[in-house]
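All remarks here apply to the structure that follows.
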Amino acid sequence: MKMKLATAALSALIAAGPALADLTFPSLSYRTGAYAAGGIPFADGYADYFTLLNERDGGIGGVKANVLECETGYNTEKGVECYESTKGAGALVYQPLSTGITYQLIPKATADGIPIHSMGYGRTSAKNGKVFSNVFNYPANYWDGASGAVNYLLEINGGDIKGKKIALVYHNSAYGKEPIRTLEELSKKHGFELSTLPVDHPGQEQKSQWLQIRRDKPDYVLMWGWGVMNQVAVQEAANIRFPMENFIGIWWSGSENDVLPAGDAANGYKALTFHNVGTDFPLFDDLKKYVIDAGKAAGAGDQVGTVLYNRGLYAAMLAAEAAKKAQEISGKADITAADMRDGMEALEITEAKMAELGLPNFGPTFSVSCENHGGDALVGVTQWDATSKTWSLISDFKPTDGDVIGALIEEDSSAYATENNISPRCN
Amino acid sequence: MSDQLIYATEVILNGLMAGVLYALVALGFVLIYKASGIFNYAQGVMALFAAMTLVGIMNGQVPFAHLINATFGVHVTHFGWTIPALLAILLTMGVMILLAWAVQQFVMRHLVGQEPIILFMATIGLAYFLEGVADLMWGSEIKTLDVGLPQGLNVWIDDTTYGIFGYGFFIDNLDIVATVIAALLVAALVAFSQYTKQGRAMRAVADDHQAALSVGISLNFIWVLVWSVAGFVALVAGIMWGTKSGVQFSLSLIALKALPVLMLGGFTSIPGAIVGGLIIGVGEKLFEFAVGPLVGGATENWFAYVLALIFLVFRPQGLFGEKIIERV
Chain A
5 MKMKLATAAL SALIAAGPAL ADLTFPSLSY RTGAYAAGGI PFADGYADYF TLLNERDGGI
65 GGVKANVLEC ETGYNTEKGV ECYESTKGAG ALVYQPLSTG ITYQLIPKAT ADGIPIHSMG
125 YGRTSAKNGK VFSNVFNYPA NYWDGASGAV NYLLEINGGD IKGKKIALVY HNSAYGKEPI
185 RTLEELSKKH GFELSTLPVD HPGQEQKSQW LQIRRDKPDY VLMWGWGVMN QVAVQEAANI
245 RFPMENFIGI WWSGSENDVL PAGDAANGYK ALTFHNVGTD FPLFDDLKKY VIDAGKAAGA
305 GDQVGTVLYN RGLYAAMLAA EAAKKAQEIS GKADITAADM RDGMEALEIT EAKMAELGLP
365 NFGPTFSVSC ENHGGDALVG VTQWDATSKT WSLISDFKPT DGDVIGALIE EDSSAYATEN
425 NISPRCN
Chain B
1299 MSDQLIYATE VILNGLMAGV LYALVALGFV LIYKASGIFN YAQGVMALFA AMTLVGIMNG
1359 QVPFAHLINA TFGVHVTHFG WTIPALLAIL LTMGVMILLA WAVQQFVMRH LVGQEPIILF
1419 MATIGLAYFL EGVADLMWGS EIKTLDVGLP QGLNVWIDDT TYGIFGYGFF IDNLDIVATV
1479 IAALLVAALV AFSQYTKQGR AMRAVADDHQ AALSVGISLN FIWVLVWSVA GFVALVAGIM
1539 WGTKSGVQFS LSLIALKALP VLMLGGFTSI PGAIVGGLII GVGEKLFEFA VGPLVGGATE
1599 NWFAYVLALI FLVFRPQGLF GEKIIERV
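Heads up: the sequence lines are chains A and B, in that order. The numbering of the first sequence is the working numbering, which starts it at 5 and goes up by one. The numbering of the second sequence is the working numbering, which starts it at 1299 and goes up by one.
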């Protein structure tokens, strides 16, 4: 009996495993736990894009894509376990979907020769490809976000924010503290007054911070929040009648989840972004036809077009394009993780390519190189309309302050290289 | 009055209001601990479960829709009706009573006579189970809860204090409502335990299980009653916190705010939960206001525990807890 059970289990395992020829894209998702509301749409978008390629195009370069999903619960230890348990399945690229998991995976994935794409999160200085050979964080990182916010404020203030008071409300964690150094440098450069207000995890109670904001009367509030902290902050800002159009969140504080609980009071709230929102793109017609209506969607199909769904879809699109580039460089369809890394390093996203993919003006144009793993650092701004319950892109994807950020990235990545005895490459 | 003193007064008032919200969560712990000696780790998740059930019922959501759809290949999400808040609250209370019965029937009944640590561990299991059931039943998305409670700046207080101090105090209308509800809740709980037959039976069980059994009190019934009342308190806490942040899984973490309140107020006293909540609320807010800027802020979470520990040095049983005297 035991023998039969073992044979059945082995057969099931083989059947459930990917065919050898598949291109495997692990998805470290979090569909359960405190952050599931953010994890589900991203995971759905990531999976649905590959399903679309399989159903419509027969895969990537004729090879089917296989999304290997592993539940992390947004927990770093579980994320590492997921990495260890899936890397042997021919994983081409990891999207860790958590700054904590990314930090843990950087040395592991580098040693294993598997690339990581931490899109809009993770270690910012990984942009320096000379030090971080296997880590990519295009098209934008947290420091680009901080600079993008300041540039936007410069733009709406006629290029002068000298003497303005800007408060940063941030999640009291490594993630939340990311923009502080950049903002400090930018405050010296542009002469604005920066105050920082940490909020402890999970951020359910923020009365002290918002009372202080009410007393200090900053002109603008920036937010680096996550999870319940976002919803409470938007509500508290509404409670103290802080003008919502002067309240700008990072892209992880700018989904429907973050504004819906506050209702009409959230109207006008803004968030930074590196991709467009909504479903008004030709690709979504194909998505409806081949995936949603065909009953092959990863979820219930109710998340399509939401901010985080689009982000997952965008991440999958960038992975697929890098895989195509890898196939082109290596001259074979059945690529390895090393080929994929080379493909990512040679990736170029132009507007013509985006239009060809059915996603015109969906994301910024950028190119990746050996030295630059972070792309061209273009950041846009979205705004919430509480009446129509939609986000809208209200600016173009615009450049950030390369001088300030470049110096910080050089400093941080050099320190990492020294600590880890890494010789810079790309010579 | 100096600006700093005016600001400190505003902080104290807001601390008192926040303390009431903490006390609402702590009350549920106290009720169960008092009656059965169980530290109910699942109290925070009960608040989450109650709030999710309330929103689900109000919106006419089909429970276990994902499971039904996946099993039968259909696509159902909503019944197509909405239910008024008051009726939905009553129906949710019915669900919480059912939950209390199930907890007693399938968990606690089988653990009678076990060590407190075993019972505590059972509630840890219950917390994870309930969280999973809530997820499966109502989905993981963040839900907006609107039962008609006012929210935002109280204009009257703002105007009045502005007239007096030249600075308008911020008091959230939701906090005022929470204070009134907490006061009514405590009065109702005290009246229930003092003046009703079931309440007196509950107190008898709390004092001595064996003696209560010997005079014909049904332990099963009393524990279902206690878990039901704790479920009601969880529902009230869930409504208050859920209105503020939307109903989502982080709601279960509000239990963390109740722990220092319990340590300070004592695990067995209803007034202790209230007074403890107020002291923690004011203490952490005042500390954040006065010392926070000097140490980089975000002091509230840890200071609440420090404050509770300071009290414990002088009164190990908490401010209102029962002093345990054991003869050797």
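In this text, a Cβ means the ideal position worked out from N, Cα and C, and glycines have one as well. Nothing here was measured: the structure is a model prediction, and the numbers come from that model.
- Listed in chain order, the non-local C-beta contacts of A:T114 below 7 angstroms within the same chain comprise S137, N138, local neighbours out to five positions each way being set aside.
- If you draw a straight line from the Cα of A:A40 to the Cα of A:Y34, it is about 6 angstroms long.
- The CB of B:Y1305 comes closer than 7 angstroms to the CB of R219 in chain A, given here in chain order.
- B:E1308: member of the alpha helix (DSSP H) spanning 1301 to 1334, first to last residue.
- At a cut-off of 8 angstroms, the C-beta of A:P202 has a neighbouring C-beta in chain B.
- Residues of the segment 184 to 212 of chain A with a Cβ closer than 9 angstroms to any Cβ of chain B, in chain order: T200, L201, P202, V203, D204, H205, P206, G207, Q208, E209, K211, S212.
- In this structure the segment 1388 to 1407 of chain B touches the segment 1351 to 1369 of chain B; the number of beta carbon pairs closer than 8 angstroms is three or more.
- For the segment 251 to 276 of chain A, the residues whose beta carbon sits under 9 angstroms from a beta carbon of chain B are, in order, E260, N261, D262, L264, P265, A266, G267, A269.
- Under DSSP, the beta-bridge partners assigned to A:N376 are A:N132.
- Around A:T36, the beta-carbon contacts reaching into chain B at under 9 angstroms are E1429, G1430, D1433, S1438, F1547.
- In this structure, the straight-line span from the alpha carbon of A:Y78 to that of B:I1462 is close to 49 angstroms.
- The C-alpha of B:G1594 is placed about 41 angstroms away from the C-alpha of A:F29.
- With a cutoff of 8 angstroms on beta-carbon distance, A:T386 and A:L397 are scored as near each other.
- Counting only runs of 4+ residues, the alpha helix (DSSP H) found wholly inside the segment 275 to 362 of chain A occupies 286 to 291, 311 to 334, 341 to 349, 355 to 360, in chain order.
- Contact check for A:I110 against A:I118 fails: the beta carbons are separated by 8 angstroms or more.
- As the crow flies, the alpha-carbon of B:T1369 is around 21 angstroms from that of B:L1428.
- In this chain, the beta strand (DSSP E) harbouring A:A69 covers 69 to 75.
- Boundaries of the beta strand (DSSP E) around A:S33: 27 to 33.
- In this structure, A:L382 places its C-beta atom within 8 angstroms of the C-beta atom of A:A144.
- Among the residues facing chain A, B:Q1449 is included, as its CB has a counterpart in that chain under 8 angstroms away.
- For B:A1510, the uninterrupted alpha helix (DSSP H) segment begins and ends at 1507 to 1512.
- In this chain, the alpha helix (DSSP H) harbouring B:M1350 covers 1341 to 1356.
- Inter-residue distance for A:G410 and A:G133 is about 13 angstroms (C-alpha atoms, whole angstroms).
- Residue state for A:K402 is assigned as strand, using DSSP reduced to three classes.
- Within a 10 Å sphere around the beta-carbon of B:L1592 sit fewer than 16 other beta-carbons, which makes this residue exposed.
- According to the DSSP assignment, A:A93 belongs to no beta strand (DSSP E), since it is labelled neither H nor E.
- Listed in chain order, the alpha helix (DSSP H) elements of length 4 or more contained wholly in the segment 1549 to 1589 of chain B are 1553 to 1563, 1568 to 1588.
- Interface with chain B (8 angstroms Cβ-Cβ cutoff): A:I170 is excluded.
- Cβ contact annotation for A:N176 (same chain, cutoff 8 angstroms, sequence separation greater than five): P202, V203, D204, H205, in chain order.
- Taking 9 angstroms as the upper bound on Cβ-Cβ separation, chain B lies near no residue of the segment 142 to 154 of chain A.
- Straight-line measurement puts the Cα of A:Y53 at about 43 angstroms from the Cα of B:M1419.
- At a cut-off of 8 angstroms between beta carbons, A:I244 contacts chain B.
- Annotated three-state conformation of A:F251 is strand, per DSSP.
- Secondary structure note for A:V232: its alpha helix (DSSP H) is the uninterrupted segment 232 to 243.
- Annotation for A:S257: no alpha helix (DSSP H) segment contains it, and DSSP assigns it neither H nor E.
- Leaving aside the five residues that flank B:L1329 on each side, the residues in its chain whose CB is nearer than 7 angstroms to its CB run, in chain order, V1524, V1527, A1528, V1531.
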